[in-house]
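Numbering (our numbering), first residue to last: 583 to 877.
For every residue, glycine included, the Cβ atom is placed at its ideal position computed from N, Cα and C.
Note that the structure is predicted; figures quoted are calculated from it, not measured.
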Amino acid sequence: MPEPVEVSPPFRWDLVTPDQLGSMLSGGPEPDLWFVDELTECAGRVLARSGNGDLLFVGRSLDSMFDLLSGALTGITTEQRLARLPFSFHRRPVVDGRGRWRVPALSAGQRAAARRVLADLDVTPHALARRHRPVTFVDVVHEGSTFTELFALLDDWIVESREPWEVVRRKLRFLGVTRSRKTSPNTWRWHQHAGWTRRLPAASVRNVSLDALVWSYFGDHQTKLTRSFRPDRWLLTDDGPDRDERARQALAEAVALVAYGRGAPGRRALAAATSHEPALAEPWLRSVVRQLNGV
């Protein structure tokens with residue numbers, strides 16, 4: 583048996599029960615949640631298109647959606663669970679001997695570390711084959727490279743474990759948050775160019791659009807509360823959270839989003855965002871929406 587791997591994902595405060603913040607928020611300005619309407623609309627549609635799966639937010643780009651939904655679903659009776667899967671597969675390209683860019687394969691140690699993080703979230707081939715509801719991975723998507731690498735990581739593990747693929751494939755969902763743009767027959771769609779998506783049921787790969795400016799803010803410009811968790815950092819000891827002024831402002835924004843999600847206006851807006859979704863015909867979503875509306 584291989585030795586267990588110790589992995590310490592980046593620390594992030596628990597903002598639903600924030601007993602660790604101390605004076606971090608003292609004296610700071612009120613955060614400007616200029617994006618909250620677009621975020622709430624998108625979050626409602628993500629919830630509706632999740633297939634009643636446990637939502638795992640990949641990387642850091644959608645931390646704000648995780649915070650808003652964490653607040654909104656606090657006290658709601660639902661089987662759905664929210665968690666963060668902090669993996670980042672970006673910034674790994676190297677030049678091969680022919681001068682071409684390529685992404686290096688994960689080392690044995692990195693694969694073991696990734697599996698440990700997934701196992702801590704109860705996402706293993708054994709667990710997937712036996713769970714009743716799916717796991718829904720959510721991330722901002724441009725070309726789908728992160729989802730591609732995550733799927734490959736899971737696929738290798740499933741093959742190695744010899745769990746039945748026909749069972750496991752029905753427990754995996756990938757939900758991409760894409761940049762809103764005008765559609766046409768020639769629009770480039772990431773999932774149509776990723777061959778692995780055809781190995782899953784059609785409903786298992788879905789998209790939700792988000793206002794382009796807000797998408798860019800979350801994906802490219804927003805100050806995050808955790809360091810990027812790239813493969814070269816998967817085996818390093820976490821050095822704890824930043825406490826500088828930018829981190830304090832980011833923390834205030836995240837806390838405000840949890841509070842907005844917990845409040846009646848935020849919950850009603852989230853419920854309203856599901857109003858045109860086909861999944862509203864399903865009992866699980868109707869139950870959540872009734873509770874969000876205080877019914």
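First through last residue of the beta strand (DSSP E) which encompasses residue i
i      : result
Gly758 : 754 to 761
Leu735 : Taken as a continuous stretch (DSSP letters only), Leu735 belongs to no beta strand (DSSP E), being part of the alpha helix (DSSP H) at 727 to 743.
Val749 : Unbroken run through Val749 is the alpha helix (DSSP H), 747 to 750; no beta strand (DSSP E).
Arg712 : Looking at the DSSP string, Arg712 is not in any beta strand (DSSP E); the run it does join, the alpha helix (DSSP H), is 707 to 712.
C-alpha distance - residue i paired with residue j, whole-angstrom precision
i      : j      : result
Glu742 : Leu735 : 11 Å
Thr660 : Gly876 : 14 Å
Ser652 : Ala794 : 24 Å
Met583 : Gln873 : In this prediction, Met583 scores a pLDDT of 43, lower than 50, which makes its location untrustworthy; no coordinate-derived value is stated.
Leu867 : Ala630 : 7 Å
Leu664 : Asp645 : 11 Å
Gln774 : Glu827 : 42 Å
His803 : Leu839 : 17 Å
Thr599 : Leu607 : 15 Å
Gly848 : Leu650 : 9 Å
Thr728 : Leu638 : 13 Å
His724 : Arg771 : 9 Å
Arg693 : Leu732 : 11 Å
Check whether residue i and residue j have beta carbons under 7 Å apart
i      : j      : result
Glu620 : Val871 : no
Val640 : Leu597 : no
Asp636 : Val750 : no
Ser590 : Asp820 : yes
Gly626 : Ala855 : yes
Gly633 : Arg755 : yes
Ser605 : Ser810 : no
Range covered by the alpha helix (DSSP H) that runs through residue i
i      : result
Arg698 : 690 to 702
Ala881 : Since the displayed the chain opens at 583 and closes at 877, residue 881 lies outside it and no answer follows.
Leu649 : The question names Leu, but residue 649 in the sequence shown is Asp. Asp649 -> alpha helix (DSSP H) spans 645 to 654.
Inter-residue CB distance, residue i and residue j (contact presumed, cutoff 8 Å)
i      : j      : result
Leu807 : Ala832 : 5 Å
Val720 : Val628 : 6 Å
Pro686 : Ala711 : Rounded, the Cβ-Cβ distance is 30 Å, inconsistent with contact.
Ala776 : Gly726 : 5 Å
Val722 : Phe800 : 6 Å
Leu757 : Val705 : Their Cβ separation, rounded to whole angstroms, is 15 Å, which puts Leu757 and Val705 out of contact at 8 Å.
Val587 : Ala695 : 5 Å
Tyr842 : Leu615 : 7 Å
Arg844 : Thr622 : About 13 Å; that fails the 8 Å criterion.
Pro707 : Ile740 : 5 Å
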